[in-house]
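A.B. asks:
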Amino acid sequence: MSLLSIKKVSMFFGGLAAISDVSFEIRKGEILGLIGPNGAGKTTMFNVVNGFYKPTKGEVFFNDRKISGLRPHQICKLGIARTFQVVKPLQRMSVLDNVIASAFLRKKSRVQAEEVAMETIGFTGLIDDRNVISKSLPLGKRKKLEIARALATQPELLLLDESFAGLNPHELDESIGIIRRIKERGITIMIIEHHMKVIMSISDRIVVLNYGEKIAEGTPHEIAHNPLVVEAYLGEEKSA
Amino acid sequence: MKKYFPLIAFVLAAALPFAGFSTYVLHILILVLMWTTIGMSWNLLGGYCGQVSFGHAAYFGVGAYTAGILYSKLGASPWWGILLSIVIVGIFAFILGFIVLRLRGPFFALATLASGEIMRITAENLVDFTGGSLGIMIQERTWVGKTWYYYIILVITAASFFLVKKLIESKLGYYFVAIREDQDAAESLGINTTLYKTLALCISGALTGIAGAFYTNYMGYIDPHVVFALHDISIITIMIVMVGGVATFWGPFVGAIIMVFLAEFIRSIPGLGTAHQTLFGILLIVIIIFLPNGIVGDFRKFKRLLGMGRTSP
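As you go down the protein sequences, you meet chains R and W in turn. The numbering used here numbers the first residue of the first sequence as 1 and each following residue consecutively. The numbering used here numbers the first residue of the second sequence as 1 and each following residue consecutively.
(1) List the residues of chain W that Phe104(R) touches, going by C-beta distances under 8 Å, in chain order.
(2) Quick one: any contact between the region 217–227 of chain R and the region 146–162 of chain R, if contact means 3 or more CB pairs under 8 Å?
(3) Relative to the C-alpha of Ala247(W), which residue among Phe107(W), Trp42(W), Ala9(W) and Phe162(W) is closest?
(4) Please check if any C-beta of chain R sits within less than 9 Å of the C-beta of Leu189(W).
(5) State buried or exposed for Tyr150(W), treating a residue as buried only when at least 16 other CB atoms are found within 10 Å of its CB.
(6) For Gln51(W), count neighbouring Cβ atoms within 10 angstroms of its own Cβ and tell me buried if that reaches 16, exposed if not.
(7) How should Leu151(R) be labelled, buried or exposed, when 16 other C-beta atoms within 10 angstroms of its C-beta is the threshold for buried?
(8) Express the C-alpha separation of Glu187(W) and Ile80(R) in angstroms, rounding to a whole number.
(9) Under three-state DSSP, which class holds Glu217(R)?
(10) Does the Cβ of Tyr218(W) have 16 or more other Cβ atoms within 10 Å, making it buried, or fewer, making it exposed?
(11) Is Tyr221(W) buried or exposed, if buried means 16 or more other CB atoms sit within 10 Å of its CB?
(12) Hey, Leu4(R) and Phe62(R) are a contact pair by Cβ (cut 8 Å); roughly how many whole angstroms apart?
(13) Going by DSSP, what residue range makes up the alpha helix (DSSP H) through Asp21(R)?
(14) Does the count of Cβ pairs from the region 86–106 of chain R and the region 171–190 of chain R closer than 8 Å reach three?
(15) Determine the chain W residues that contact Lys77(R) at a beta-carbon separation under 8 Å, and present them in chain order.
(16) Taking DSSP as the reference, what is the three-state secondary structure of Ile191(R)?
(17) At least one CB of chain W closer than 9 Å to the CB of Pro89(R): is that the case?
(18) For Lys146(W), count neighbouring Cβ atoms within 10 angstroms of its own Cβ and tell me buried if that reaches 16, exposed if not.
(19) So, is the C-beta of Phe184(W) closer than 9 Å to a C-beta in chain R?
(20) Relative to the C-alpha of Gly69(R), which residue among Cys76(R), Val60(R) and Lys77(R) is closest?
(21) Got a sec: which bits of the region 50–70 of chain R sit with their beta carbon under 9 Å from any beta carbon on chain W, in order along the chain?
(22) Would His73(R) pass as an interface residue toward chain W - the criterion being a Cβ-Cβ separation below 9 Å?
(23) Take every Cβ of the region 278–286 of chain W, pair it with every Cβ of the region 54–73 of chain W, and state whether three or more of those distances are shorter than 8 Å.
(24) Taking just the CA atoms, how far does Lys8(R) sit from Gly46(W)?
(25) Using the beta-carbon count (16 or more within 10 Å), is Glu146(R) buried or exposed?
(26) Does DSSP put Ala76(W) in a helix, a strand or coil?
(27) Please return the same chain residues whose Cβ sits closer than 8 Å to the Cβ of Asn168(R), not counting the five positions on each side in sequence.
(28) For Ser131(R), count neighbouring C-beta atoms within 10 Å of its own C-beta (all shown protein chains included) and say buried if the count is 16 or more, exposed if not.
(29) Run through DSSP, which three-state label would Lys7(R) get?
(30) When you compare the CB of Glu124(W) with every CB in chain R, is at least one pair closer than 9 Å?
(31) Tell me the DSSP secondary structure of Arg304(W) in three-state form.
(32) What does DSSP give as the partner residues of Tyr71(W) in its beta bridges?
(33) Would Phe123(R) pass as an interface residue toward chain W - the criterion being a Cβ-Cβ separation below 9 Å?
(34) Using C-beta distances below 7 Å, list every residue in its chain close to Phe84(R), excluding the 5 sequence neighbours before and after it, in chain order.
(35) Return helix, strand or coil for Ser175(R), following the three-state DSSP convention.
(36) What does Ile100(R) reach in chain W if we use C-beta pairs closer than 8 Å?
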């Protein structure tokens, strides 16, 4: 069953096509990897799904409801949360307050919001840092905070934009564990990642973008052996 | 103990008129409380929600004129203006917000600055309605003494303090600060940034409007140059919050005390004329360099600068 379906979406900036005519679906409960070389249109796709951009052409459906054209806060309310590649913590707030602010989306009272926030912070392993002002967090923890904040809105679909970039091997293992446990909670995940080993090991399916076009879709095994994908990443073999 | 601090402050303030102060001192205290209210309302929008307004004179003036016109055109008591200004200024802020809140950062600040000036020029030229530059004079004053005025503004200030504190500690407060820190992140966390910014502006404007309506009743005379003044209202409001402490509960109070007393002190120095503006400017620079979070926000640093408290942090 498809949770999110992207139907013939194109996104133009002036004459530049950041995404052209891309369609794919995300099934309930899976982890979908979105990969592609730099500038392939991955983050633009997130911005379209999340509502920052209104697609020039095409439509996006979430739970059979058209969401393209809605504003980001409306889309978040419907159950899609995202993280940012360039982390955007609410800098002068503590880690806990950051997460409380997003937990208020579903909870009316401060006490309930704090409950959700504490649970989420525990889940993402930030419990010891809960009173730290987020400005002074190291990158690895900021990335976790992004995930915690998105989770606290209690989404059905989570969009993770390079949540592993810049992490050390230990943090990387931790984050992979967190993502797996998010999936066990029944939350569907779409993830952008450059770290091939990670994406191949955690994704159920992978969609590959290149120059704004979808060039492949399939299981990690299929993608790894797809000549188009290999070409996009490693370059064309020069024929004499 | 800390929890009862506002209550203690309120009781102390309520006891002050019994100390046998002169009318002049009471007048100063009334001004301090009025500026505290304006400062707190600015702080809600500028300090917590991050929308820095250079045009709070617009709301102050509309509040003042609500009371004034109620008296001059309808013959009603200008005290009703305090209640009516909540509605009128609230609606005015909503309409203005619809235009200026589309802008971010410095563009918003400039648009608010312009809005204050537009209101001044409008009030000057709508002679039939506002009395133009002649202003509005309240012929019969309610009280000759100042004690009752003091208690009325004390209640207004205390109520504003309570309201702002409740708001900031609720969901709204979290949303305001989230918007201040990062509007895009706030939006993607499901916060309707347009709605909450408008709310902050309307509440902030209405509170400033109440202070304006009180001003009409208290001073008995208003004209566009006084109540829509750029530097005497809009800029002083920002200075009060900057000096006292942006995004702190007590900052506007501390700032108002310092600014009002400083203004009176400087005015008493002979031969200085309008040079007091220069001194305010120097004070602002000193504050920005040494206490960027204001006296309340950087209280430890402030004590260190004065040579009080321990030198090691």
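All C-beta atoms in this analysis are idealised placements derived from N, C-alpha and C, irrespective of residue type, glycine included.
C.D. replies: Inspection of the coordinates gives the following:
(1) Lys171, Tyr174 and Tyr175
(2) no
(3) Trp42(W)
(4) yes
(5) buried
(6) buried
(7) buried
(8) 12 Å
(9) strand
(10) buried
(11) exposed
(12) 5 Å
(13) From DSSP, Asp21(R) is part of no alpha helix (DSSP H) but of the beta strand (DSSP E) over Leu16 to Arg27.
(14) no
(15) Gly190
(16) strand
(17) yes
(18) buried
(19) The sequence shown places Asp at residue 184(W), rather than the Phe named in the question. For Asp184(W), the answer is yes, since a Cβ of chain R falls inside 9 Å of its Cβ.
(20) Val60(R)
(21) Asn50, Gly51 and Phe52
(22) yes
(23) no
(24) 43 Å
(25) buried
(26) coil
(27) Gly140
(28) According to the sequence displayed, residue 131(R) carries Asn and not Ser. Classification for Asn131(R): exposed.
(29) strand
(30) no
(31) helix
(32) Answer by DSSP bridge pairing: none, since Tyr71(W) is not bridged.
(33) no
(34) Glu146 and Asp161
(35) helix
(36) Tyr174
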